[in-house]
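Engineer:
Residue numbers (the numbering used here): 873 to 1331.
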């Protein structure tokens, strides 16, 4: 049995419903704490958007928390001039650009063009969090994806629909390698999400690293000075564009730089919403957000399109055990590690073969290539293990046959991993070069080993 107050409330709700869909309850700003705005009187749920009136302009915001009869929102833009009592209204629809007009364009996290080109036609869509993909409808990974990078194609082969991480510290060549992949990968469409990078690096990546590859690409950029909510939204916007191309049957390459910046943005949002900090200040919502984002990529049913994803992960002080890197390794299908020591030695891309792995390689390459790759890694790892002894002259030749082979072949191994920025090596060329290198008649003698340049005819 309802109380008189409840009956009045039900009557008001019924009356408002009768006014039609154009009527919306509006709220007011009650207080502002840093970048977080507390609102009352506005019927909104977590993740939904609203619009705040600030004088003559409007600023969109997203709901990040609910507490004590208030709704906590974080604005997507600057809120200077905001005052208590400002009007807040729900935003029930957003706009998205039409896919026919986005190739070759650069957009913000709100999918607004910023490249000076013509306006992009848009369509309205309802708000809402996308549902999780049923794991049983995902087609298995059975085909190799050609990234155009010899070391990756041959030693840690990536499959169509795989999600792989590119782990690197600052200044080790991560952006250069990502740009090479964007230019040389055999994909119908490349979607790039530049999340939390310095503003100047956005243009540098597009012009210097991606280059002519932009014609077949879509770039969503949300630099470091964007609000944390907008950076997170940009990551999901790039993923959503990739999903829409996948739905059209396209083979999509999604590159996101970086997953760590997305995690840091969510940490800011979580702390603002009152979440307790855990390891290195990361909140529990960070480790819930990462799989929600990553699991959007991959394959769907057989015969449909695919999203092969490369996520960069920043390793603070080159520590692969820091929280975000550790969480990313657990949810991705493999990892490629860039080594600072190799970069300083002039090896580019500075891929640490012994620390990198693709979890689907055995499904997408033949047994001969898998065996050759395993032998290559054994030789590479053995040299790295004994490197200090070798450099100081403490290793005695003949002590270990595998180490002797590793020492003799070290120039060829490094030459195989190295690749110029303007050089593209197909998966067929990569596999042929690896077989020739590992099948040399005498791997302990340099004069009998064919260099990879000789095998695929490129320098």
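A virtual CB, placed ideally from N, CA and C, is assigned to each residue, including glycine.
Starting from residue 1243 and walking both ways along the alpha helix (DSSP H), at which residues does that stretch end?
Structural biologist: 1239 to 1263
Engineer: Taking the C-alpha atoms as reference points, what is the distance between residue 1023 and residue 1290?
Structural biologist: 8 Å
Engineer: Kindly indicate which residue of 1093, 1071 and 1064 has the alpha-carbon position closest to the one of residue 1085.
Structural biologist: 1064
Engineer: Pick out whichever of 1261, 1012 and 1200 has its Cα sitting closest to the Cα of residue 1033.
Structural biologist: Distances from the alpha-carbon of residue 1033 to those of 1261, 1012 and 1200 put 1012 closest.
Engineer: In the DSSP output, what is residue 1181 paired with across the bridge?
Structural biologist: 1035 and 1126
Engineer: With a CB to CB cut of under 6 Å and the five nearest residues on each side skipped, what residues in its chain are close to residue 1326?
Structural biologist: The predicted model places residue 1326 with a pLDDT of 36, which falls under 50 and marks its position as unreliable; any figure quoted below should be read in that light. Nothing listed; no residue qualifies.
Engineer: Measure the alpha-carbon distance for residue 1102 versus residue 1170 and round it to whole angstroms.
Structural biologist: In this structure, the CA atom of residue 1102 is about 24 Å from the CA atom of residue 1170.
Engineer: Out of curiosity, what's the CA-to-CA distance linking residue 923 and residue 932?
Structural biologist: 4 Å
Engineer: Let me know the secondary structure DSSP gives residue 891 once reduced to three states.
Structural biologist: Note that residue 891 has pLDDT 44, beneath the 50 cutoff, so the model's placement of it is unreliable and no number is given.
Engineer: Should the stretch 1121 to 1132 be called in touch with the stretch 1056 to 1075, which here means at least 3 C-beta pairs below 8 Å?
Structural biologist: yes
Engineer: In terms of residue numbering, what span does the alpha helix (DSSP H) encompassing residue 1286 cover?
Structural biologist: 1273 to 1289
Engineer: Pull up the distance between the alpha-carbon of residue 1199 and that of residue 1305, whole angstroms please.
Structural biologist: Each residue's alpha carbon lies about 34 Å from the other.
Engineer: Could you tell me the distance, in whole angstroms, from the CA atom of residue 947 to the CA atom of residue 906?
Structural biologist: 11 Å
Engineer: State the Cα-Cα distance for the pair residue 975 and residue 1099, rounded to the nearest angstrom.
Structural biologist: 26 Å
Engineer: Just how far apart, CA to CA, sit residue 983 and residue 991?
Structural biologist: 11 Å
Engineer: Rounded to the nearest angstrom, what separates residue 1014 and residue 1030 at their Cα positions?
Structural biologist: 10 Å
Engineer: Determine the closest residue to residue 927 out of 958, 914, 1294 and 902, with distance taken between C-alpha atoms.
Structural biologist: 958
Engineer: On the criterion of 16 or more Cβ atoms from any shown chain inside 10 Å, does residue 1184 qualify as buried, or is it exposed?
Structural biologist: buried
Engineer: Please work out which residues of its chain come closer than 7 Å, Cβ to Cβ, to residue 1272, disregarding the five sequence neighbours upstream and downstream, and give them in chain order.
Structural biologist: none
Engineer: So, for residue 1256: in the same chain, excluding its five sequence neighbours on each side, which residues have a beta-carbon less than 8 Å away from its beta-carbon?
Structural biologist: 1226
Engineer: Which of helix, strand or coil does DSSP assign to residue 961?
Structural biologist: strand
Engineer: For residue 898, which three-state DSSP category applies?
Structural biologist: coil
Engineer: Mind pulling the alpha helix (DSSP H) runs of 4 or more residues that sit fully within the stretch 1148 to 1201?
Structural biologist: 1156 to 1166
Engineer: Rank 925, 935 and 970 by C-alpha distance to the C-alpha of residue 950 and give the top, closest one.
Structural biologist: The shortest C-alpha separation from residue 950 is found at 925.
Engineer: Here's the rule I'm using: 16 or more other beta-carbon atoms within 10 Å means buried, otherwise exposed. How should residue 969 be labelled?
Structural biologist: buried
Engineer: Is the separation between the beta-carbon of residue 1269 and that of residue 1254 shorter than 8 Å?
Structural biologist: The Cβ atoms of residue 1269 and residue 1254 lie no closer than 8 Å to each other.
Engineer: Could you give the DSSP three-state label for residue 1051: helix, strand or coil?
Structural biologist: helix
Engineer: Does DSSP put residue 1268 in a helix, in a strand, or in coil?
Structural biologist: coil
Engineer: Where residue 962 and residue 917 are concerned, what is the direct C-alpha to C-alpha distance, given to the nearest angstrom?
Structural biologist: 10 Å
Engineer: Consult DSSP for residue 1233 and reduce its assignment to one of helix, strand or coil.
Structural biologist: Three-state result, residue 1233: helix.
Engineer: On the three-pair Cβ rule with 8 Å, is the stretch 1036 to 1054 touching the stretch 1240 to 1252?
Structural biologist: no
Engineer: In three-state DSSP terms, what is residue 947?
Structural biologist: strand
Engineer: Would residue 1067 and residue 987 qualify as a contact pair, given that the criterion is a beta-carbon distance under 8 Å?
Structural biologist: Going by beta carbons, residue 1067 and residue 987 fall outside the 8 Å limit.
Engineer: Please list the terminal residues of the continuous beta strand (DSSP E) segment that includes residue 1293.
Structural biologist: Where residue 1293 is concerned, there is no enclosing beta strand (DSSP E), given that its DSSP letter is neither H nor E.
Engineer: Return the residue from the list 1075, 1259 and 1081 that minimises the CA-CA distance to residue 1051.
Structural biologist: 1081
Engineer: Considering residue 1087, what are the terminal residues of the beta strand (DSSP E) in which it resides?
Structural biologist: Where residue 1087 is concerned, there is no enclosing beta strand (DSSP E), given that its DSSP letter is neither H nor E.
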